[in-house]
Amino acid sequence: MTAIITRIAPSPTGYLHFGLARTALFSYLFTRKAGGEFILRIEDTDAVRNKPEYEADIFEELAWLGLNADHRFRQSEHRARHTECLRILIEKNLAYESEEPAKDDPSKIARVVRLKNPGETVVFTDLIRGEISFDTTELGDFVIARSIDDPLYHLAVVVDDEDENVTHIIRGEDHISNTPRHILLQRALGFRTPAYAHIPLILMSDRSKMSKRKHESSVKHYREQGILPEALINYLALLGWNPGGEREFYTLSELVEIFDLSRVQKGGAVFDEVKLFSVNQHWMRTLSVDDFIIRGNLVAHDAEKLRQIVPLLKERAHTFAEARAMLSDELACLFTVPAIDRNLLLAKELSDRPGMTKAALESLSEALKSLPEGVSSEIAKEALMPLADAEEAKGKGGRGAVLWPLRYALSGQERSPDPFTLVSILGPREALSRAQKAVGILEG
Ligand code: GLU
């Protein structure tokens, strides 16, 4: 039995996008499960659109995802071999040079190379889509090189797949119409035909094709937002493939164990960012407090307080970008004393009961004095909630008449965690000082 060898062949003409990341993942899973080899080949023959920063990004994102290749090649390293194959085809009268107006500049004449198309019906069995039959007459004598030393993708990919002993080509469905051309070239050159598996495209929610160029469909974009690689792997694996059953969360090595090309779906797979974020939240929640801080790049001048806040961030944030924004926005009050607006503080005061907010803050202050440092939010709630319940029993004002001024006095914000959580993170002493400051503002 020949060893399984797969490859991915990204062109460095943009940041690594979702489609390619998923192709890489499926190839990786298929290969690792079979104990084969996984090749990364940079298709850098398009000198005009290639950029070193894009190539660097492909390496960086694949390493970040943990999809490490066993071998790396650059297509441009094989130029001489491509030209040799073109010459062989011309010598055997299976291809010919043809003088034509150059595509990019019709005022110039180019000597392109065209394959003599025998015009057969090409049939191949796709591992996902089954038997596919293509009448190739309509392709005519298609161009395989811009000149004898400037091969096009079709020629280069066929030669490289042969020379690298690739046994299985897993790639996006957008390449399905290229496959008959590749098979014609393999036959002309006397090469094997590898097995093909064309995987469904990733679609946007309106079922349009996901763009390869937009920054929002790049892996880099999601890495910058603080998506964890384990979450992206988990999400991408289930985009167009399912292992059966209800289970939603898998690690990369678990996926290697169970991956099976026959369960790849034929129809397009719709990208759902909300789902990706919820998968990410799951993986964020599995991290220890220290890992959460380190991997999330979270910084705060009070390291201990930051550790205390992690459970709150785990509860609320779906990405680390969101967690960082919370720290500098709605949770900033946990690190610095907020400014208090008198009118907002009085927002729940009833016009027929002047002074009720101040009275509430004073009795809350008394209750805070009885709480020990390090108190949990549950115990803080047990101590403070009866005051709110008593207010509710009086009617009209409701619990909010007590809880609002407390929460606002502690946070200085209209949106924040609940007051008991604030008391537990700030500590009752700091909470008391903020409550008294609020009383001072009402007296002033
Ligand atoms: N360079 C092609 C792409 O980025 C891949 C071609 C192939 O897999 O054969 O889509």
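Taken in order, the sequence shown gives residues 16 to 459; the numbers are from this note's numbering.
Ideal Cβ positions, reconstructed from N, Cα and C, are used throughout, including at glycine.
Check, Outcome
"Candidates N295, F139, P166, P27: closest to Y337 by CA position", "Looking at the sequence shown, residue 337 is not Tyr but Glu. The shortest C-alpha separation from E337 is found at N295."
"L239 in three-state terms, based on DSSP", "According to the sequence provided, residue 239 is Glu. The question's Leu does not apply to it. E239 falls in the helix class under three-state DSSP."
"Inter-residue Cα distance where the pair is R102 and K131", "14 Å"
"For P369 and D404, the rounded distance between their alpha carbons", "19 Å"
"Assigned secondary structure, D175 (DSSP; H/G/I helix, E/B strand, else coil)", "helix"
"Alpha helix (DSSP H) segment containing V325, residue limits", "318-331"
"Other residues of its chain near F88: CB distance less than 8 Å, five sequence neighbours each side excluded", "I54, L55, R56, I57, D175, E179"
"Proximity of L386 and P443 at Cβ, strictly below 8 Å", "yes"
"Boundaries of the beta strand (DSSP E) in which P116 is found, first to last residue", "110-116"
"E52 - containing beta strand (DSSP E), residue span", "52-57"
"The segment 127-142 touching the segment 67-81, judged by at least three CB pairs closer than 8 Å", "no"
"Anticipated Cβ contact below 8 Å, V181 with P215, distance rounded", "21 Å between Cβ atoms; not a contact."
"Option in D85, A117, K411 with minimal Cα separation from S366", "K411"
"Any non-hydrogen atom of ligand 1 closer than 7 Å to R196 Cβ", "no"
"Range of the contiguous beta strand (DSSP E) that encloses I159", "158-162"
"Cβ-Cβ distance between I185 and F45 below 8 Å", "yes"
"Nearest-angstrom beta carbon gap, A315 and F350 [assumed within contact, 8 Å]", "6 Å"
"Bridge partner(s) assigned by DSSP for A125", "E115"
"Any non-hydrogen atom of ligand 1 within 7 Å of E177 CB", "no"
"Classification of D255 by the beta-carbon crowding that lies within 10 angstroms, buried from 16 upward", "Rather than Asp, the amino acid found at residue 255 in this sequence is Gly. Classification of G255: buried, given that the 10 Å Cβ count is 16 or more."
"Alpha carbon of I20 to alpha carbon of T152, nearest angstrom", "31 Å"
"Contacts around L200, its chain only, beta-carbon distance under 6 Å, and the 5 residues preceding and following it disregarded", "V173"
"Delimiting residues of the beta strand (DSSP E) encompassing S148", "145-150"
"H333 versus D356, W298, A354, V304, residue with shortest Cα-Cα distance", "W298"
"V128 and A117 closer than 8 Å at C-beta", "no"
"Buried versus exposed, by CB contacts within 10 Å (16 or more), F274", "buried"
"Cα-Cα separation, V417 to L399", "9 Å"
"Proximity winner among K384, H197, E381, relative to G205 (alpha-carbon distances)", "H197"
"Start-to-end residues for the beta strand (DSSP E) that takes in T136", "136-141"
"Cβ shell of K454 (< 8 Å), same chain only, five flanking positions each side left out", "In the sequence as displayed, the identity of residue 454 is Val instead of Lys. Same-chain partners within the cutoff: K373, L376, E377, S380."
"Cβ neighbours of I191 in the same chain (closer than 6 Å, five flanking residues each side left out)", "H213"
"Contact under 8 Å by Cβ, K320 with I440", "yes"
"Three-state class that DSSP yields for R87 in the structure shown", "strand"
"Check: L35 C-beta below 7 Å from any heavy atom of ligand 1", "yes"
"I309 classed as buried or exposed, judged by whether at least 16 other C-beta atoms fall within 10 angstroms", "exposed"
"Contact test: S26 Cβ vs ligand 1 heavy atom, cutoff 7 Å", "yes"
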